[in-house]
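**Student:** Let me begin by handing over the structure; questions about it come next.
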Amino acid sequence: MSALQDNFAAIVQIVSIICLIVLSVSILLLIIRVMKGPTNADRAVALDAIGVNIMAFAALLAIILITPNFNDIVLLIGILLFIGTVAIAIYLEKGDLIDTERD
């Protein structure tokens, strides 16, 4: 049974490293989309996808390092990502974030 567990651990490590490489390439391509995006909406979607990839990157690091300490970081990134997405949506809709005009 120990040999099976060792093989499983090795497979998980290899697959996790491959996933980290794929996420890194994805983040690089999304950075290009943020810079060259034809519209601001494309840039906003690319920034949102970068945040999701960073969350996945942190989760995979937690798996590779075999520690639950990154779980709080993943949740914090998710919360900040949501707030950022809402702020970008408001900016794209209204043109500013803070309403200074009073009725």
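The UniProt record's numbering puts the first residue of the sequence shown at 1, with every later residue one more than the last.
Note that CB positions come from ideal geometry on N, CA and C, so glycine has one too.
1) Within 10 Å of its beta-carbon, does V30 have 16 or more other beta-carbons around it, so buried, or fewer, so exposed?
2) May I ask which residues mark the beginning and end of the alpha helix (DSSP H) holding N69?
3) Compare the C-alpha of T85 against each of S2, A41, V74 and name the closest.
4) Nearest to N53 by CA position, among I77, I11, I32, is which residue?
5) In the structure shown, what three-state DSSP assignment does E93 receive?
6) In whole angstroms, give me the CA-to-CA distance for residue 185 and K36.
**Tutor:** Taking the geometry as given:
1) The sequence given here places Leu at residue 30; Val does not occur at that position. The C-beta of L30 has 16 or more other C-beta atoms within 10 Å across all chains shown, which makes the residue buried.
2) Bounds of any alpha helix (DSSP H) do not take in N69, whose DSSP letter is neither H nor E.
3) Closest option to T85, Cα to Cα, is A41.
4) For the residues I77, I11, I32, the minimum Cα distance to N53 belongs to I77.
5) In the three-state reduction of the DSSP assignment, E93 falls in the helix class.
6) Since the displayed the chain opens at 1 and closes at 103, residue 185 lies outside it and no answer follows.
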